[in-house]
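J.: Protein chains in written order, with the working numbering: chain A, 0 to 275; chain B, 25 to 301; chain C, 44 to 297. Yeah, the Cβ is synthetic: ideal placement off N, Cα and C, and Gly gets one too. So that we are looking at the same thing, I have put the structure below in structure tokens.
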Amino acid sequence: MSLALRQPRDPAALSRLALVTAAILLLWPGLQLTEFDPATLIDQRSREVMGKFLGTFFPLELSEDFLKLVFKSTLDTLAIATAGTFLAIVLAFPLSLIVSRSLSISRIGPRPGHWIGDFIRLPARWLLILLRSIPEIVWALLLVRAVGLGPAAGVFAIAINYSGMLGKVYFEIYEAGDTRPARALMEAGSGRLAAFFYGIFPVALPELVSYSVYRWECAVRASVVMGFVGAGGLGTQMELSMRMLNGGEVSTILLVFFLLVLLADGISALLRRALA
Amino acid sequence: MDFNLDRIGLTLDGKHRAIEEISLGIAHAERVAVIGPSGAGKTSMLRVLSTALRPTSGGLTVEGRDPWSLSREALRRLRARTGTIYQAPPLPPRQRVVTAVLAGRLGRWPSWKSFASLAYPLDMPGAKAALERVDLAERLFDRCDRLSGGQLQRVGVARVLYQRPDVLLADEPVSALDPQLADRVVGELNRDAIERRVTLVASLHAVDLALRWFPRVVGLRGGLVTFDLPPLKVTDAMLTELYASESPMPPTQDNRPLERPAAGLEPLARGRQPLCR
Amino acid sequence: MSAWLLLLAFVLLSGASFWYLGIGFGDLLAAESRGKMLEYALGFFPPDASAAFLARTLQGSLETLAISAIGTLLAAFMGLLLAVPAAGRLGLPARAAARLLLNFLRSIPELVWAMLMVLAAGLGPFAGTLALAVHTAGVLGRLFAETLENTPPEPTLALRNAGSPTALAFLYGTLPGVMPQLTSYTLYRWENNIRMAAVLGLVGAGGLGMMLYMSLSLFKQGEAATVIIAMLILVAIVDGLSAWMRQWLGRSGS
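Here is the structure:
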């Protein structure tokens, strides 16, 4: 009976209390830093602005002139994505070859001094990381200042950013596959490029293309977003419409954006299935 | 809580006839054992009694009313007074035993208490006492996925004991326990029902446990009642016929041949006194 | 389909794209613009390391960190709330409505949400937090719903059969089982959100993004370089924290 009277202690109580305390200690400054203030959402002024803006969302803006503008912007976006991805592949390809260890002739043996190759591969790897770590919209912003407003900035932003991503995945594909054919060729004295094109490339090609198609689909979405900082396409158009608080135009563009993303998604899925 | 089943039938998924036709009444504070081969409808009958399943034909009365005609809130309150022990305990793996046991009173606790207990268990002595009755007190703060099958079953029993319901519905509650423990747990369920004067309906695979502890034994086969008698009146022939499709001899908890007390002796079930604590 | 065929088609389409956009490679590579671009690029080195600006960058980094953390946290709560109906636990019409809402929330890019929130809540980090919260709620809600659909409903049903109110039956019966997976998804999403938080500022939603925009507008590339480096460091820290927390949480229970 006495067992039931004595309150057993919960072994998890202390750690839970510590967790909750830590959470509160972190939450408080967090709320301060983010200027968390739900009241602003419902205050008079913002309600008016939001209300007016949301009110203009319907009906959609469907005038012929505007639709023509949107159509052109959509084509722009598709072109930016395609051209950007193309350049990205062109840049990524040699980079991936440099970085891949499966093409290192000096590692056969290994030959003394093979570690010199690492001195080239490592910086190249860092370059890839740098290229893809900086968000593409930041690249877009930088390039807009450098080459001016318009689609060129978008194309180059995608090219630079995606070459990092494509480069990384490409060389991972090379190394994940069977590297023995290439190695055998190099052991028989062939050059690196030949070993690649005869040994690795034929097998890796479907996967390379598949990932690149997926990247193109992402590029379509990214192109729209980059347009907000002036890199052309649908994004630039939407930014203009939002600035003028023209909800009807914004909702038309949003609709077109959804359809575009759906389309790109569909094409990408179709192609990748056909390749598999 | 009393029950009346009037020509109850149950068809699952539109195809499988789980209960053919069952008519029986269970009085308040009665203790009934339900035995029979697999697929006889024991689990289904218990689920009908606990209002987990609605009978497809026939009339179910709980405390004189059809539970399915009650309002949602009234049905919920009724269910809070129904305790079900499942053969496979429905316990989330990562939950601790103490929380799993305390969940038995969710139907009665005020919301704040239920929420708070998730973070810090608010009635540890109560949970511990319930676990002591099934010999599992030392596992109070262990995670459920660290327990064996038999231990999990006992946590399920402890949860219902903690709930203190007006009817205990046990579906093969000791199938994973060794004979000694099984006997103790079935005894504990009976003690609880007698002490608190509540109804107990238990489906059991082991015939010896049924005959030893319960003053009323119902035999179920193929969704029908084959007998409904006190244990002394249940003959070996009836048992053999009941389990004929499954095994040559009636199943027992220790898998040894069934031992019947000689005729004329008092049934053990009535002689047991609650232990002093 | 042959990969070569696809490749060929792609090269042709790319050529068409370049022609259509009229990107004047010639102009770009002309001596004058080369010189200007080089001058612009060189402006990034060295990055501004003055004490005053580093202090501002630190402040901006903390702001961005807070935006990503609070936004993701909010999103987890909203996502869970929407995931319960979306998993079908409250009936079919609720499921359809919840799924529609979740799709809507995650289809609109974070940047567009940020612009909308700037309208609603004004410039600054609150808009960024809300934008992240709303978009991520859509993403997490869908992931949570899938997890919930794959969780056995028996524990919750058993509790409801014993008279427990629905919400509490969920908390006691289902949540303990799915918590590790939900937390893991949330932490993964945090890694994505720190990158987004850094960038949302470009449309006025606070943090490092806003600083970057202003530095570039004033042609102070040195400052911009510092901000970009801060972004990279912040992303690396959050990636590390997220991985560590996911490991650490693989142990405790409730």
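Does P116 of chain B come within less than 8 Å of chain A when only Cβ atoms are used?
T.: No, because no Cβ of chain A sits closer than 8 Å to the Cβ of P116 of chain B.
J.: Determine whether the Cβ of R238 of chain C lies closer than 8 Å to any Cβ atom of chain A.
T.: Yes - at least one Cβ of chain A is within 8 Å of the one on R238 of chain C.
J.: Closer than 8 Å, Cβ to any Cβ of chain C: which residues of the stretch 137 to 158 of chain A, in chain order?
T.: Residues passing the 8 Å Cβ filter: V137, L140, L141, R144, A145, V146, P150, A151, V154.
J.: Considering only C-alpha positions, which residue in the set C:T100, C:A112, C:L230, C:S260 is nearest to I276 of chain C?
T.: Per the Cα distances, C:T100.
J.: Helix, strand or coil: which one does DSSP assign to H178 of chain C?
T.: H178 of chain C: helix per DSSP, three-state reduction.
J.: Taking the straight line between their C-alpha atoms, what separation do you get for G246 of chain B and A194 of chain B?
T.: One C-alpha to the other measures close to 20 Å.
J.: For V125 of chain B, which of B:P134, B:S135, B:P113, B:A226 has the nearest alpha-carbon?
T.: Looking at the Cα atoms, B:P113 is the closest of the given residues.
J.: Below 9 Å on C-beta distance, what does A74 of chain C contact in chain A?
T.: Ordered by position in chain A, no residue passes the 9 Å Cβ test against A74 of chain C, which lies about 15 Å from the chain.
J.: Report yes if the CB atom of L165 of chain A is closer than 8 Å to the CB atom of S211 of chain A, and no otherwise.
T.: Result yes, Cβ atoms of L165 of chain A and S211 of chain A sit closer than 8 Å.
J.: So for S7 of chain B, helix, strand or coil by DSSP?
T.: Residue 7 of chain B cannot be examined here, being either before or after the span of chain B that is shown, 25 to 301.
J.: Please report the straight-line C-alpha distance between G86 of chain C and A143 of chain B, rounded to a whole angstrom.
T.: Near 55 Å, if we compare the C-alpha coordinates of A143 of chain B and G86 of chain C.
J.: Is the stretch 234 to 249 of chain C close to the stretch 175 to 184 of chain C, with three or more CB pairs under 8 Å?
T.: Segments in contact, yes.
J.: Quick one: what's A95 of chain C bridged to in DSSP?
T.: Answer is none; A95 of chain C lacks a bridge partner.
J.: Output the boundary residues of the alpha helix (DSSP H) element that contains N279 of chain B.
T.: First-last for N279 of chain B: undefined, no H or E at that position.
J.: For the stretch 266 to 283 of chain B and the stretch 39 to 55 of chain A, state whether three or more C-beta atom pairs, one from each stretch, are separated by less than 8 Å.
T.: The answer is no - the stretch 39 to 55 of chain A does not touch the stretch 266 to 283 of chain B, with fewer than three Cβ pairs under 8 Å.
J.: For a test of the three-state rule: what should DSSP assign to S227 of chain B, helix, strand or coil?
T.: S227 of chain B: strand per DSSP, three-state reduction.
J.: Look at the alpha carbon of W138 of chain A and the alpha carbon of A230 of chain A, and state the distance between them as a whole number of angstroms.
T.: Distance between the alpha carbons of W138 of chain A and A230 of chain A is about 10 Å.
J.: Expressed to the nearest angstrom, what Euclidean distance is found between the alpha-carbon atoms of L34 of chain B and I43 of chain B?
T.: Cα-Cα distance, rounded: 5 Å.
J.: Under three-state DSSP, which class holds F251 of chain B?
T.: Three-state result, F251 of chain B: strand.
J.: Using CA atoms only, rank isn't needed, just tell me which of B:V231, B:P117, B:T106, B:S74 is closest to L380 of chain B.
T.: The shown model of chain B, from 25 to 301, leaves out residue 380 of chain B, and the question about it has no answer.
J.: If you follow the alpha helix (DSSP H) that F200 of chain A is in, where does it begin and where does it stop?
T.: Taken as a continuous stretch (DSSP letters only), the alpha helix (DSSP H) holding F200 of chain A covers 200 to 225.
J.: Using the three-state DSSP reduction, which class does N193 of chain C fall into: helix, strand or coil?
T.: It is coil, neither helix nor strand.
J.: Between the Cα of I97 of chain A and those of A:L140, A:E206, A:R179, A:F118, spot the shortest distance and give me the residue it belongs to.
T.: Taking only the C-alpha atoms, the option nearest I97 of chain A is A:F118.
J.: Counting only beta-carbon atoms, is Y144 of chain B nearer than 8 Å to chain A?
T.: Chain A, which has a Cβ nearer than 8 Å to the Cβ of Y144 of chain B, makes this yes.
J.: Could you list which residues in chain C have their beta carbon closer than 7 Å to that of G131 of chain B, in chain order?
T.: Correct list: A205, G206, S207.
J.: With distances taken Cα to Cα, identify the nearest neighbour of A157 of chain C among C:G247, C:T229, C:L133.
T.: Selected option, being the one with the closest Cα: C:G247.
J.: Quick check on P205 of chain A - is its C-beta less than 8 Å from some C-beta in chain B?
T.: Not an interface residue.
J.: Ordered along the chain, which non-local residues of its own chain (more than five positions away) have a Cβ less than 8 Å from that of F155 of chain A?
T.: So the qualifying residues of the chain are G83, L86, W138, L142, V146.
J.: Report the option in B:V249, B:N28, B:L171, B:L253 whose CA atom is closest to the CA atom of G88 of chain B.
T.: The residue with the shortest Cα to Cα distance from G88 of chain B is B:N28.
J.: When DSSP builds the beta bridges, which residues end up paired with A194 of chain B?
T.: The partner list for A194 of chain B (beta bridge, DSSP) reads B:I109, B:A226.
J.: Counting only the same chain and skipping the five closest in sequence on each side, list residues whose C-beta sits under 8 Å from that of T269 of chain C.
T.: Cβ within range, chain order: P90, D91, A92, F96, L97, T100.
J.: Should the stretch 58 to 70 of chain B be called in touch with the stretch 215 to 231 of chain B, which here means at least 3 C-beta pairs below 8 Å?
T.: Yes: at least three Cβ pairs fall under 8 Å.
J.: Taking the C-alpha atoms as reference points, what is the distance between F200 of chain A and L133 of chain C?
T.: The alpha-carbon atoms of F200 of chain A and L133 of chain C are separated by roughly 52 Å.
J.: Between the alpha carbons of T179 of chain C and R149 of chain C, how many angstroms are there, rounded?
T.: Those two C-alpha atoms are separated by around 7 Å.
J.: Could you check where the alpha helix (DSSP H) with R215 of chain B kicks off and where it finishes?
T.: R215 of chain B -> alpha helix (DSSP H) spans 203 to 220.
J.: Using the DSSP secondary-structure output, state which residues sit across from L29 of chain B in a beta bridge.
T.: Partner(s): B:L48, B:L84.
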